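Below: one structure, written as structure tokens.
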Amino acid sequence: MNLAALQAELRRTLPHARLVASDLPGVPELRLWLLDPDNLDQAFSSEETRRILEDPPYWGFCWGSGLALARWILDHPQEVRGKRVLDFGSGSGVVALACCLAGAQSTIACDLDPQARMACELNAGLNALPLAYAGDFFAQSEPVDLIVAADVLYDADNRFFLDRFVQRAGAVLLADSRVRDLQHPGYRRERVLEGRTWPDLGEPVEFRQVSLYRATSGA
Numbered sequence: 000m001n002l003a004a005l006q007a008e009l010r011r012t013l014p015h016a017r018l019v020a021s022d023l024p025g026v027p028e029l030r031l032w033l034l035d036p037d038n039l040d041q042a043f044s045s046e047e048t049r050r051i052l053e054d055p056p057y058w059g060f061c062w063g064s065g066l067a068l069a070r071w072i073l074d075h076p077q078e079v080r081g082k083r084v085l086d087f088g089s090g091s092g093v094v095a096l097a098c099c100l101a102g103a104q105s106t107i108a109c110d111l112d113p114q115a116r117m118a119c120e121l122n123a124g125l126n127a128l129p130l131a132y133a134g135d136f137f138a139q140s141e142p143v144d145l146i147v148a149a150d151v152l153y154d155a156d157n158r159f160f161l162d163r164f165v166q167r168a169g170a171v172l173l174a175d176s177r178v179r180d181l182q183h184p185g186y187r188r189e190r191v192l193e194g195r196t197w198p199d200l201g202e203p204v205e206f207r208q209v210s211l212y213r214a215t216s217g218a
């Protein structure tokens, strides 16, 4: 995958932005192509602001929940070792890459956004790790043992996926910084993790507290 092609897509939204190979706070095992922090220090025009709101380059950030879940997986490799994993709403691919590094048998980075899949492919290359890629979750027919997802509940309409996840895989790991007390059959909060979005968006401290939920099929 050509970095220049993804840079060109980014500049449709932010004409002066660029991606840089970035170290991740607390996860030194991985690097990602992310927005240059200098791009976030400038004042955006009204047109740039409109484009950011309409089509945000979310794959150019490593969001706090993804960073926290990636760290937790790397610290608990037995959770993914030897398993077939699907990372739903993969974004930058940080969680998928952590699963791969932790010894997953196979890892699918699944995201509807073709630019996110481009970012995942570039980040896989940057880390010399093998990923598979998918767009439509419902079009996937390969067996999956574990589904992982981070920050996918920002839209309440996405909650219907929670039941689909446990129908599709034997286990689910879900990390979210906005949903403090998920009340959904079969899901339980196991712990609270620390995470921060990178590049730093100056999020409130409360959004650096990431809830980790687990569900198992038939639970």
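Start counting the sequence shown at 0; every next residue gets the next number (numbering that gives the first Met the number 0).
The C-beta atom is built at its ideal place from N, Cα and C for all residues, glycine as well.
No experiment lies behind these values; they were computed from the predicted model shown.
*Quick one: residues in its chain with C-beta nearer than 7 Å to the C-beta of Arg-167, no 5 flanking neighbours on either side, listed in chain order?*
Along the sequence shown, one-based indexing puts residue 167 at 168. Excluding residues within five positions, the ones whose Cβ falls inside 7 Å are Val-143, Ile-146.
_Relative to the C-alpha of Ala-149, which candidate in Gln-208, Ala-3, Thr-12, Leu-68 has its C-alpha closest?_
Working through the sequence shown from its first residue, we reach residue 149 at position 150. Comparing Cα positions, the closest option is Leu-68.
*Just list the alpha helix (DSSP H) runs in the segment 77 to 147, keeping only unbroken ones of 4 residues or longer that don't cross its boundaries, in chain order.*
Uninterrupted alpha helix (DSSP H) stretches at least 4 residues long and entirely within the segment 77 to 147 occur at 93 to 100, 113 to 126, given in chain order.
*Could you check the C-alpha separation between Arg-163 and Tyr-186 for me, to the nearest Å?*
Here residue 163 refers to the residue found at position 164 when the sequence shown is read from its first residue. Here residue 186 refers to the residue found at position 187 when the sequence shown is read from its first residue. Going by the C-alpha atoms only, they are around 13 Å apart.
*Rounded straight-line distance, which links the Cα of Tyr-132 to that of Ala-214*: The residue given as residue 214 occupies position 215 in the sequence shown. The residue given as residue 132 occupies position 133 in the sequence shown. Their backbone Cα atoms lie some 24 Å apart in a straight line.
*What did DSSP end up calling Glu-205 once you bin it into helix, strand or coil?*
Locating residue 205 in the sequence shown gives position 206, counting from the first residue. In the structure shown, Glu-205 sits in a helix (DSSP, three-state: H, G or I).
*Would you say the beta carbon of Leu-73 comes nearer than 7 Å to a heavy atom of the ligand HEM?*
As far as ligands go, the structure on display features none, and thus does not contain the ligand HEM.
*Would you call the CB atoms of Leu-128 and Leu-100 closer than 8 Å?*
Taking the first residue of the sequence shown as 1, we reach residue 128 at position 129. Taking the first residue of the sequence shown as 1, we reach residue 100 at position 101. Going by beta carbons, Leu-128 and Leu-100 fall inside the 8 Å limit.
*Please determine if the segment 24 to 33 and the segment 87 to 103 are in contact, where contact requires at least 3 C-beta pairs separated by less than 8 Å.*
Touching, yes.
_the segment 198 to 215 touching the segment 172 to 186, judged by at least three CB pairs closer than 8 Å_ = Yes, the segment 198 to 215 is in contact with the segment 172 to 186.
*asked:* Using 8 Å for Cβ pairs, my map puts Val-151 next to Phe-87. What's the rounded Cβ distance?
replied: Numbered from 1 along the sequence shown, position 152 holds the residue referred to as residue 151. Numbered from 1 along the sequence shown, position 88 holds the residue referred to as residue 87. For a cut-off of 8 Å, the C-beta gap from Val-151 to Phe-87 is around 6 Å, short enough to register as a contact.
*Just how far apart, CA to CA, sit Asn-157 and His-183?*
Against the sequence shown, residue 157 aligns to sequence position 158. Against the sequence shown, residue 183 aligns to sequence position 184. So the alpha carbons of these two residues sit roughly 13 Å apart.
*Could you check how far apart the C-beta atoms of Arg-116 and Ala-108 are, in whole angstroms? I think they sit under 8 Å.*
Position 117 of the sequence shown, counting from 1, holds the residue named residue 116. Position 109 of the sequence shown, counting from 1, holds the residue named residue 108. Indeed they touch by this definition, with Cβ atoms about 7 Å apart.
*Inspect the beta-carbon positions of Gln-114 and Trp-58 and report whether they are closer than 8 Å.*
On the sequence shown, position 115 is the one that residue 114 refers to. On the sequence shown, position 59 is the one that residue 58 refers to. Yes, Cβ-Cβ distance for Gln-114 and Trp-58 is below 8 Å.
*Specify the secondary structure class of Asp-74 as computed by DSSP and reduced to three states.*
Within the sequence shown, the letter at position 75 stands for residue 74. Asp-74: helix per DSSP, three-state reduction.
*Leu-192 versus Lys-82 - alpha carbon distance*: Start at 1 with the first residue of the sequence shown, and residue 192 comes out as number 193. Start at 1 with the first residue of the sequence shown, and residue 82 comes out as number 83. Straight-line Cα distance between these residues: approximately 23 Å.
*Keeping to the same chain, check which residues put their C-beta closer than 6 Å to that of Ala-218; ignore five residues upstream and five downstream.*
Taking the sequence shown and counting its residues from 1, one reaches residue 218 at position 219. Bear in mind that a pLDDT of 48 at Ala-218, under 50, signals an unreliable position, so the model cannot answer this.
*Following the continuous alpha helix (DSSP H) through Arg-177, name the residue where it begins and the one where it ends.*
Here residue 177 refers to the residue found at position 178 of the sequence shown. From DSSP, Arg-177 is part of no alpha helix (DSSP H); its letter is neither H nor E.
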